[in-house]
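Take the sequence shown: its letters are residues 1 to 197, numbered as in the UniProt record's numbering.
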Amino acid sequence: MPRGVAIPQLRQQLFAAAELVVVRDGPARLSSRAVTGEAGVATGLLHAHFGDLDEFLTAYAVDRSFLVSAAAAGLPDRAGHGEVAQNLAEALAVIPRTHLTVLARLMALRPELAGRVRTVLGDRAAGLDAIEQAATAYLTAERRLGRIAADADPAALALALVGVLHHLVLTEDTGERLRRAVTAVVKGAEAPLESRP
1 MPRGVAIPQL RQQLFAAAEL VVVRDGPARL SSRAVTGEAG VATGLLHAHF GDLDEFLTAY
61 AVDRSFLVSA AAAGLPDRAG HGEVAQNLAE ALAVIPRTHL TVLARLMALR PELAGRVRTV
121 LGDRAAGLDA IEQAATAYLT AERRLGRIAA DADPAALALA LVGVLHHLVL TEDTGERLRR
181 AVTAVVKGAE APLESRP
């Protein structure tokens, strides 16, 4: 790439390159050189825009956590419509899997990233925390509507669902197993049809 040529959307190009490196080679192999090499840009561009790798990874984690949070935010609006387990499975399925996979792997290797994301986006907004918050709000609304049992614990159910999702994104297997696991977790908490309002 000739020097001095502007690269539209460089930030997103570097983020996408980082995702490819993490998915293919693992987070331990992530370096400035690996990212810029994957993106096909000069090695110094990452440092020119982000300062160092830590600043780049923070910007990446904030960007992707925001996207994950936005994807999960609509879940509470589903309360009272459709089936509880199906609503949860569908909401979890539309969250970009690559974002979740890379965030989970990076935050496992670099736990300080979660704190940096929280500093920018607020508490409970880093990675899977936003999904847990949205699922808790959704299940609380469903309990209020009588669609899950009055003694159900929405926060505990949401944590169990996020645990399942975390395991599945790390093993890169989220399709049918996710739907079955969500159904199994939620089924015991659903109020019997005859007792629903």
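Every residue, glycine too, gets a C-beta built ideally from N, C-alpha and C. Please read all numbers here as calculations on a predicted model, not as lab measurements.
From R147 to V84, what distance separates their C-alpha atoms?
If you draw a straight line from the Cα of R147 to the Cα of V84, it comes to about 8 Å.
In this structure, how does DSSP classify I95 when only helix, strand and coil are distinguished?
In the structure shown, I95 adopts coil according to DSSP, grouped into three states.
In the structure shown, what three-state DSSP assignment does A6 receive?
Residue placement at A6 is flagged as unreliable, the pLDDT there being 47, under the threshold of 50; the coordinate-derived value follows with that caveat. In the structure shown, A6 sits in coil (DSSP, three-state: anything other than H, G, I, E or B).
Between L45 and chain B, is the shortest Cβ-Cβ distance under 8 Å, so that the two count as touching?
Here chain B cannot be found, since the structure has a single protein chain.
Integer Cβ distance of V182 from L92, believed to fall under 8 Å
Yes, they are in contact, since the Cβ atoms of V182 and L92 sit about 7 Å apart, within 8 Å.
Have a look at R29 and V120 and give me their C-alpha separation to the nearest angstrom.
C-alpha of R29 to C-alpha of V120: approximately 26 Å in a straight line.
Excluding the five sequence neighbours on either side, which residues of its own chain have a C-beta within less than 6 Å of the C-beta of L20, listed in chain order?
Excluding positions up to five away in sequence, the list reads E38.
Out of A18, P27, T101, V94, which has the shortest C-alpha to C-alpha gap to A59?
That would be A18, whose Cα lies nearest to the Cα of A59.
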